[in-house]
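A.B. asks:
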Amino acid sequence: MRTLDEIFNSLLERKTTYPALDVLDSTSKVSIWRNMLWVFAFAVYVHEQIFQAHRTEVAQIINDEKSHTLRWYKKMSLAFQYGFSLIVDSDQFNNENHTDDEIEAAKIVKYCAVTESENDSRLIIKIATESGNILQPVTADQKEAFEYYISEIRDAGVQATVINYLPDKLQLFLQIKRDPNVLDSSGVSILYGNQPVNDALNQFRKELPFNGELILNKLVDKLQIIEGVVNPHLINVKTAWIDADAGTYGNFENIEISKIPVSGYFEIDWENSVIEYVV
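Numbering (the numbering used here), first residue to last: 1354 to 1632.
Here's what the structure looks like:
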């Protein structure tokens, strides 16, 4: 993609190929002929931007419409409408006599990630909904309806497992060397009364993409830029996720370098986390 200056300079070079235009030799940036070339260059620049945006949009549409891909299954999962019937022999819902608001409200799957199982020929579809900006599982009835929908639209022979778990729990064990002029012994900001470390940890968790990898080094990087934090020492991070057979959380395991949540998202277990502030 050419810049505006590149286009303008190309027009200047092209001008030199026409001897009849040699009389236009002013070097002033406010000369009429230079301003005219600048207007032409800007028009070409806008034109190229429009074509690039169109090309990108078309490429995205083509990628999304390709069947049999993980992207396609994700797109179809997010398009699920709870309470609506599928049109016979179709992967489209019957939206007749329904408003746009009703249709949007029926799309209960707000987050989705589709991967292939490492152990067998099967798709793993992780889903979650959202309430009050908090990620959470869909209800049992909603999951049942979603699984039926997937069974109707999936390719013949493709097996799929839907993961609709409570969030993986995180236990954080940190020692924070603090600036006593900025943070008190409990990690509270002297000026603002909030807990910057806790706020940063919550923000870090929210910034992780759904089914995104939690990288411990990046978590430390997040803490290092906090005003009042001199040196954050990450002692340990543990995680636990739902045992599908027992229906309860399993044992907590250490995270060595990074971890992708089994459920697709994390929740910090503040009650069992330990953050110590030292000088």
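Don't be surprised by glycine CBs; every beta carbon is placed ideally from N, CA and C.
Can you tell me the Cβ-Cβ gap for residue 1686 and residue 1480, rounded? I've got them flagged as a contact below 8 Å.
C.D. replies: Only positions 1354 to 1632 of the chain appear in this structure, which leaves residue 1686 out of reach.
A.B. asks: Whole angstroms are fine: how far does the CA of residue 1453 sit from the CA of residue 1549?
C.D. replies: Here the C-alpha atom of residue 1549 lies approximately 41 Å from the C-alpha atom of residue 1453.
A.B. asks: Just to confirm, is the Cβ distance from residue 1430 to residue 1467 under 9 Å?
C.D. replies: yes
A.B. asks: What is the rounded straight-line gap between the Cα of residue 1606 and the Cα of residue 1593?
C.D. replies: Going by the C-alpha atoms only, they are around 6 Å apart.
A.B. asks: For residue 1579, count neighbouring Cβ atoms within 10 angstroms of its own Cβ and tell me buried if that reaches 16, exposed if not.
C.D. replies: buried
A.B. asks: With a threshold of 9 Å between beta-carbons, can residue 1363 be considered close to chain B, or not?
C.D. replies: The structure shown contains no chain B; it holds only a single protein chain.
A.B. asks: Between which two residues does the alpha helix (DSSP H) containing residue 1426 stretch?
C.D. replies: That run of the alpha helix (DSSP H) goes 1423-1431.
A.B. asks: On the premise that residue 1432 lies in contact with residue 1475, defined as a C-beta separation below 8 Å, what is that separation, rounded to the nearest angstrom?
C.D. replies: Not quite, the Cβ-Cβ distance comes to about 22 Å (not below 8 Å), so this is no contact.
A.B. asks: Counting C-beta neighbours from all protein chains within 10 Å, is the total for residue 1524 16 or more, i.e. buried, or is it exposed?
C.D. replies: buried
A.B. asks: What is the DSSP secondary structure of residue 1585, counted as helix, strand or coil?
C.D. replies: strand
A.B. asks: Mind checking whether residue 1558 and residue 1456 have CB atoms under 9 Å apart?
C.D. replies: no
A.B. asks: So the alpha helix (DSSP H) residue 1575 belongs to, where does it begin and stop?
C.D. replies: 1569-1577
A.B. asks: Comparing alpha-carbon positions, which option in 1555, 1459, 1500 and 1439 lies nearest residue 1487?
C.D. replies: 1555
A.B. asks: Where does residue 1499 fall in DSSP's three states?
C.D. replies: helix
A.B. asks: Taking only three categories from DSSP, how would you classify residue 1481?
C.D. replies: strand
A.B. asks: When burial is assigned at 16 or more other CB atoms within 10 Å of the CB, is residue 1616 buried or exposed?
C.D. replies: So residue 1616 counts as buried.
A.B. asks: What would DSSP say about residue 1413, mapped onto helix, strand or coil?
C.D. replies: helix
A.B. asks: Going by the beta-carbon positions, is the gap between residue 1393 and residue 1364 smaller than 9 Å?
C.D. replies: yes
A.B. asks: For the candidate residues 1508, 1435, 1407 and 1631, whose alpha-carbon lies nearest to that of residue 1527?
C.D. replies: When each option's Cα is compared against that of residue 1527, the closest is 1631.
A.B. asks: Could you tell me the distance, in whole angstroms, from the CA atom of residue 1408 to the CA atom of residue 1529?
C.D. replies: 49 Å
A.B. asks: Output the distance between the C-alpha atoms of residue 1543 and residue 1628, rounded to the nearest integer angstrom.
C.D. replies: 18 Å
A.B. asks: Does residue 1376 pass the burial test, meaning 16 or more other C-beta atoms within 10 Å, or should it be called exposed?
C.D. replies: exposed
A.B. asks: Using the rule of at least 16 other Cβ atoms within 10 Å of the residue's Cβ for burial, across every protein chain shown, is residue 1404 buried or exposed?
C.D. replies: exposed
A.B. asks: Under the DSSP definition of a beta bridge, which residues are partnered with residue 1487?
C.D. replies: 1484
A.B. asks: Can you say whether residue 1577 is buried or exposed, counting buried as having 16 or more other CB atoms within 10 angstroms of its CB?
C.D. replies: By the Cβ-count criterion, residue 1577 is exposed, with fewer than 16 other Cβ atoms from all chains shown falling within 10 Å of its own Cβ.
A.B. asks: For residue 1462, count the other beta carbons within 10 Å of its own beta carbon; 16 or more makes it buried, fewer makes it exposed. Which is it?
C.D. replies: buried
A.B. asks: Our contact map puts residue 1489 next to residue 1435 with C-beta atoms below 8 Å; I'd like the distance itself, whole angstroms only.
C.D. replies: Their Cβ separation, rounded to whole angstroms, is 15 Å, which puts residue 1489 and residue 1435 out of contact at 8 Å.
A.B. asks: Within the continuous beta strand (DSSP E) that includes residue 1368, where are the two ends?
C.D. replies: Careful: residue 1368 lies outside any beta strand (DSSP E), inside the alpha helix (DSSP H) at 1357-1368.
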